[in-house]
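Residue numbers (my numbering): -5 to 147. Cβ coordinates follow ideal geometry from the N, Cα and C atoms, glycine included. All of these numbers come straight from a predicted model, not from anything done at the bench.
Here it is in structure tokens:
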């Protein structure tokens, strides 16, 4: 596990922020190298499925020319939602490392744990709270600025 990869996911979150997206970023790592990157594109593309994780998974599948990502690790700044958790499980990913917890929508233990063996028998390992403070503060600052802008209108 390396904070270096979470720092790269945070860079993707900054790109999302520049596009007026909710700033969430992800990278997929195989054999110690980043093979795919993603950040939220829901607003930009007007597509509810374009979460950072999905964007990165699609790119990794193209790079590897396979839908199985069983020797890959995902680093994402926010706990994956249930949609993204399902995609991660279906891609057979080796492990997921996430930063901030999402008690409202989290699918990796925050709201529900789809990675628990009682659901799908997933073999994906989940590591929570990687650079948690940095990831949480970044998201909290974003939402604080949104609320401030609404007050000013």
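Going by C-alpha positions, residue 118 is about 42 angstroms away from residue 145.
Assignment of residue 113 by DSSP, reduced to helix, strand and coil, places it in the helix class. Residue 31 is positioned such that its CB atom lies closer than 8 angstroms to that of residue 21. Distance between residue 83 and residue 106, taken at the CA atoms: about 14 angstroms. The three-state secondary structure of residue 27, taken from DSSP, is strand. Excluding residues up to 5 positions away in sequence, -1, 67 lie with their Cβ nearer than 6 angstroms to the Cβ of residue 23 in the same chain.
Rounded to the nearest angstrom, the gap between the Cα atoms of residue 54 and residue 44 is 14 angstroms.
Annotation for residue 104: 73, 95, 96, 97, 98 place their beta carbon closer than 8 angstroms to its own, counting only its chain and skipping 5 residues before and after. Annotation note: the region 54 to 136 contains the following uninterrupted alpha helix (DSSP H) runs of length 4 or greater, listed N- to C-terminal: 76 to 84, 111 to 114.
Shown here for residue 51: same chain residues with a beta carbon closer than 6 angstroms to its own, the five before and five after excluded, namely 81, 85 in chain order. Ranked by Cα distance from residue 14, the first of 87, 33, 75 is 33. The alpha-carbon of residue 3 is positioned some 13 angstroms away from that of residue 130.
By the 16-neighbour rule on beta-carbons within 10 angstroms, residue 140 is exposed. In the DSSP assignment, residue 9 falls within the alpha helix (DSSP H) that extends over -3 to 12.
Annotation: residue 27 to residue 42 spans about 29 angstroms, alpha carbon to alpha carbon. The Cβ neighbour count for residue 111, taken over all protein chains shown within 10 Å, is under 16; the residue is labelled exposed.
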